[in-house]
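> Quick note: the sequence shown uses the working numbering, first residue -2, plus one each step.
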Amino acid sequence: MVLDANLAIDKFKAFLKSVQGYTDDAFELALPFIQVREFKKGEHFVERGKTCKHFAFVADGILRAYNLYDGVESTTCLCSNNTFATSTVSFITQTPSNVAIQALEDVTLVLIKHEDLNTLYSKSTFWEKVGRVVAEREYIELQQSSWRNGPLPAKEKYLTLLKENPGVVNRVPLHYIASYIGVTPETLSRIRKKIATSNS
């Protein structure tokens, strides 16, 4: 199920209102540049080797970002409602992305093109602040997810993910979750069975 375009914009507007300095004028300034697009399950918002052209707010749905190492996909991020899904380096530098971003279910994204976002930055200090807030959030999320690559046992990694993002765990295929926390699907399946047994 995809989200109505007006509802998607309302959700983006709600995020903007959480940023200090929001005004209706600042929102109206951006309206001509805002697009709402739907991506079906399995479709790519960003493809590896292609330039990321849009800043994206996830109004509804889940996406995954992944790299490819020696022919093996490695999930690096799971992006859900009210977060941002952008190949950051590619978007900022306007160079080909080494990260792909794929819809894991039907998703609705609120998009602003790179050149349009720069126009907003040049016209509004509020939009400069939006850019800073998004960058700060991304940095914080990166730091907070550093446990994925740390020495934690596999079970603790899964329990940490359950604690931090239980909604995503229930909606993402098992093999992508396993890739995200750096274990095999078989190992994750055993962990889940042990947890289910201990809770029964």
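Every residue gets a Cβ at the ideal spot worked out from N, C-alpha and C, and that includes glycine. The structure presented is a predicted model; accordingly, all values stated were derived computationally and were not measured.
Relative to the C-alpha of E133, which candidate in A11, N3, I6 and V16 has its C-alpha closest?
Working through the sequence shown from its first residue, we reach residue 133 at position 136. With distances taken between Cα atoms, E133 lies closest to V16.
> Excluding five sequence neighbours on each side, which residues of the same chain lie with their C-beta closer than 7 angstroms to the C-beta of K50?
Counting from 1 along the sequence shown, the entry for residue 50 is found at position 53. Correct list, in chain order: K110 and H111.
> For Y19, name the three-state secondary structure that DSSP assigns.
Translated into the one-based positions of the sequence shown, residue 19 becomes position 22. Y19: coil per DSSP, three-state reduction.
> Any contact between the segment 0 to 8 and the segment 51 to 67? By contact I mean 3 or more CB pairs, one from each, below 8 angstroms.
With the cut-off at 8 angstroms, the segment 0 to 8 and the segment 51 to 67 touch.
> Please classify S142 as buried or exposed, where buried requires at least 16 other C-beta atoms within 10 Å of its C-beta.
Position 145 of the sequence shown holds residue 142. Buried, since its Cβ has 16 or more Cβ neighbours within 10 Å.
> Which whole-angstrom value is the C-beta distance of L101 and L156, which I expect to be below 8 angstroms?
Counting from one through the sequence shown, the residue named residue 101 turns up at place 104. Counting from one through the sequence shown, the residue named residue 156 turns up at place 159. With 8 angstroms as the limit, L101 and L156 do not qualify as a contact, their Cβ atoms being about 22 angstroms apart.
> I want to check one thing, is the minimum distance from the CB of H51 to the heavy atoms of the ligand FMN below 6 angstroms?
The ligand FMN is not among the ligands present in this structure, which contains no ligands whatsoever.
> Threshold first: 3 residues or longer. Then list the beta strand (DSSP E) segments lying entirely within the segment 9 to 58, N to C.
If we require 3 residues or more, the beta strand (DSSP E) runs fully inside the segment 9 to 58 come out as 32 to 36, 41 to 43 and 51 to 57.
> Whose CA, out of Y63, G39 and D1, lies closest to the CA of V33?
Here residue 33 refers to the residue found at position 36 of the sequence shown. For the residues Y63, G39 and D1, the minimum Cα distance to V33 belongs to D1.
> Where do the ends of the alpha helix (DSSP H) carrying L139 lie?
By one-based count along the sequence shown, residue 139 stands at place 142. Its alpha helix (DSSP H) spans residues T122 to Q141.
> Figure out for me which residue from L114, L139, D22 and K120 has the closest Cα to the Cα of T73.
By one-based count along the sequence shown, residue 73 stands at place 76. Cα-wise, what sits closest to T73 is L139.
> For the beta strand (DSSP E) that contains A97, what are its first and last residues?
Taking the first residue of the sequence shown as position 1, residue 97 is located at position 100. Note, A97: beta strand (DSSP E), A97 to A100.
> Taking only three categories from DSSP, how would you classify T105?
Numbered from its first residue, the sequence shown carries residue 105 at position 108. T105: strand per DSSP, three-state reduction.
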